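Undergrad: This is the structure, below, for whatever I ask next.
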Amino acid sequence: MRLLFLGDLVGRTGRQAAIEILPSLVEKHRLDFVIVNGENAAAGFGITEEILQDVLDAGADVVTTGNHVWDQRDTLVYIERQERLLRPVNFPSGAPGRGANLFTARNGAQVLVMNAMGRVFMDSLDDPFTAVDMVLESSPLGRVADAIVIDMHAEATSEKQAMAHFADGRASLVVGTHTHVPTADHQILPGGTAYMSDAGMCGDYDSVLGMEKDEPVSRFLRKIPSGRFTPAKGTATVCGVAVEIDDATGLALDIAPLRIGGQLSQTLPPSWTQG
Numbered sequence: 004m005r006l007l008f009l010g011d012l013v014g015r016t017g018r019q020a021a022i023e024i025l026p027s028l029v030e031k032h033r034l035d036f037v038i039v040n041g042e043n044a045a046a047g048f049g050i051t052e053e054i055l056q057d058v059l060d061a062g063a064d065v066v067t068t069g070n071h072v073w074d075q076r077d078t079l080v081y082i083e084r085q086e087r088l089l090r091p092v093n094f095p096s097g098a099p100g101r102g103a104n105l106f107t108a109r110n111g112a113q114v115l116v117m118n119a120m121g122r123v124f125m126d127s128l129d130d131p132f133t134a135v136d137m138v139l140e141s142s143p144l145g146r147v148a149d150a151i152v153i154d155m156h157a158e159a160t161s162e163k164q165a166m167a168h169f170a171d172g173r174a175s176l177v178v179g180t181h182t183h184v185p186t187a188d189h190q191i192l193p194g195g196t197a198y199m200s201d202a203g204m205c206g207d208y209d210s211v212l213g214m215e216k217d218e219p220v221s222r223f224l225r226k227i228p229s230g231r232f233t234p235a236k237g238t239a240t241v242c243g244v245a246v247e248i249d250d251a252t253g254l255a256l257d258i259a260p261l262r263i264g265g266q267l268s269q270t271l272p273p274s275w276t277q278g
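Just so you know, we're using our numbering here: the sequence shown kicks off at 4 and counts up by one.
What follows is the structure in structure tokens.
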């Protein structure tokens, strides 16, 4: 199975770049499944139902979120009818929507996608490790799911790495989101789970985490807000991670970062570029 995960879409620039390139990526690389983190897609804060549908129509199979999931208030309503939009699985009981779901890939495989949110330097939710463990135990790899992907939306790399080792051998991929900066630590862990601390963002990297630079810099200098954060509008880089998954075991065979356009260059698993 060929799976692609795209990091946080930031504003119009990021989402349009991803929407424009996804159809060709799916066709060219014969992708079986695509996951996109869309929590910053609507002007940098949350995702509207219209934007969600545009991302799905472009080729995404699932859209994950994080701490900005409720920034667009309508999400509290429409997430109930949009099964392909996930919010963190460790929200308290009674939160609308779902944090994990089973989906059918283009090759017919059953893919379990889970969205979890860290607690270090972030709003405190329920324990993500307990929540993830419950889902993994109820839908084990190789029995219920042919592949399992965990989007670990967290600030601390230590918490992301801990989650990866916690799920090693039980998930196909654990990938970090939220910090918007692609890391260089893509690897396959001893148990066969692919891991990357942060997939990066889809947005303008001539920015501060996808936002126009002046306001964030000013706040660091003066400690006083002088305006709103607004997404940068320059050329976007599409960032993510590509994973080849063994159809027999559901574990990872290969992993590589995907970086297209803007300030960063593109890489893919060698087997993909060889046809």
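Beta carbons are placed, not taken as given, at the ideal position from N, Cα and C, and that holds for glycine.
These numbers come from a predicted model, not from an experiment.
Are there 16 or more other CB atoms within 10 angstroms of the CB of Phe8, so buried, or fewer, so exposed?
TA: Locating residue 8 in the sequence shown gives position 5, counting from the first residue. Buried, by the Cβ-count rule.
Undergrad: Would you list, in sequence order, the uninterrupted alpha helix (DSSP H) runs of no fewer than 4 residues that lie entirely inside the stretch 153-224?
TA: Correct list: 160-170.
Undergrad: Taking the beta strand (DSSP E) that Thr133 falls in, what are its first and last residues?
TA: Mapped onto the sequence shown, residue 133 falls at position 130. Here Thr133 belongs to no beta strand (DSSP E); instead the alpha helix (DSSP H) covers 131-141.
Undergrad: Would you mind sorting Met137 into buried or exposed? The rule is 16 or more other CB atoms within 10 Å of its CB.
TA: Within the sequence shown, residue 137 is the residue found at index 134, counting from 1. Met137 should be labelled exposed.
Undergrad: Roughly how many angstroms separate the alpha carbons of Asp171 and Arg122, rounded to a whole number?
TA: Position 168 of the sequence shown, counted from the first residue, corresponds to residue 171. Position 119 of the sequence shown, counted from the first residue, corresponds to residue 122. Straight-line Cα distance between these residues: approximately 20 angstroms.
Undergrad: So, does the stretch 220-227 touch the stretch 186-199, judging by three or more C-beta pairs under 8 angstroms?
TA: Taking 8 angstroms as the limit for Cβ pairs, the verdict is that the stretch 186-199 does not touch the stretch 220-227.
Undergrad: Within this structure, are the beta carbons of Val241 and Ala255 separated by less than 8 angstroms?
TA: Counted from its first residue, the sequence shown places residue 241 at position 238. Counted from its first residue, the sequence shown places residue 255 at position 252. Cβ atoms of Val241 and Ala255: not closer than 8 angstroms.
Undergrad: Look at Gly2 and Val66 and say whether their C-beta atoms are less than 8 angstroms apart.
TA: Outside the shown range of the chain (4 to 278) lies residue 2, about which nothing can therefore be said.
Undergrad: Please report how far the alpha carbon of Ala46 lies from the alpha carbon of Asp77, in whole angstroms.
TA: Mapped onto the sequence shown, residue 46 falls at position 43. Mapped onto the sequence shown, residue 77 falls at position 74. If you take the alpha carbons of Ala46 and Asp77, they lie about 15 angstroms apart.
Undergrad: Where does Leu59 sit, in a helix, a strand or coil, going by DSSP?
TA: Locating residue 59 in the sequence shown gives position 56, counting from the first residue. Leu59: helix per DSSP, three-state reduction.
Undergrad: Along the chain, where does the beta strand (DSSP E) containing Arg262 start, and where does it finish?
TA: Numbered from its first residue, the sequence shown carries residue 262 at position 259. Here the beta strand (DSSP E) through Arg262 covers 255-263.
Undergrad: Quick one: Cα of Ile153 to Cα of His71, how far?
TA: In the sequence shown, counting from the first residue as 1, residue 153 sits at position 150. In the sequence shown, counting from the first residue as 1, residue 71 sits at position 68. If you take the alpha carbons of Ile153 and His71, they lie about 18 angstroms apart.
Undergrad: So Lys236 and Thr16 are in contact, right, with Cβ under 8 angstroms, and what is the actual spacing, rounded?
TA: Translated into positions along the sequence shown, residue 236 becomes position 233. Translated into positions along the sequence shown, residue 16 becomes position 13. Indeed they touch by this definition, with Cβ atoms about 6 angstroms apart.
Undergrad: Please name the residue, chosen from Ala150, Pro234, Val114, Arg18, that lies closest to Ser210 on a Cα-to-Cα basis.
TA: To locate residue 210, count along the sequence shown from 1; it is residue 207. Nearest C-alpha to Ser210: Pro234.
Undergrad: Are there 16 or more other CB atoms within 10 angstroms of the CB of Lys163, so buried, or fewer, so exposed?
TA: Locating residue 163 in the sequence shown gives position 160, where the first residue counts as 1. By the 10 Å Cβ count, Lys163 comes out buried.
Undergrad: Any idea which residues DSSP pairs Ala148 with across the strands?
TA: On the sequence shown, residue 148 is found 145 positions in, with the first residue counted as 1. Leu144, per the DSSP bridge assignment.
Undergrad: Which residues in the same chain as Ala44 place their Cβ atom closer than 6 angstroms to its Cβ, once the five residues preceding and following it in sequence are excluded?
TA: By 1-based counting over the sequence shown, the position of residue 44 is 41. Excluding sequence neighbours, Ala44 sits near Leu12, Arg18, Ile50, Ile54.
Undergrad: By Cβ distance below 8 angstroms, which residues in the same chain neighbour Asn324 in space, the five residues on each side in sequence not counted?
TA: Because the chain here runs from 4 to 278, residue 324 falls outside it and cannot be looked at.
Undergrad: So Ala20 packs on Ala239, CB below 8 angstroms; how close in whole Å?
TA: Sequence index remark: in the sequence shown, residue 20 carries index 17 (1-based). Sequence index remark: in the sequence shown, residue 239 carries index 236 (1-based). 4 angstroms between Cβ atoms; contact.
Undergrad: Using the C-alpha atoms, what's the distance from Arg5 back to Ser27?
TA: Reading the sequence shown from its first residue, position 24 is the one you call residue 27. Reading the sequence shown from its first residue, position 2 is the one you call residue 5. Their Cα atoms are separated by approximately 14 angstroms.
Undergrad: Tell me whether Gln113 sits in a helix, a strand or coil according to DSSP, three-state version.
TA: Taking the first residue of the sequence shown as position 1, residue 113 is located at position 110. Residue state, collapsed to three classes: strand.
Undergrad: Return helix, strand or coil for Val29, following the three-state DSSP convention.
TA: What you label residue 29 is simply residue 26 of the sequence shown in a count that begins at 1. Here Val29 sits in helix by DSSP.
Undergrad: So what does DSSP say about Arg87, is it helix, strand or coil?
TA: Against the sequence shown, residue 87 aligns to sequence position 84. DSSP places Arg87 in coil when its eight states are reduced to three.
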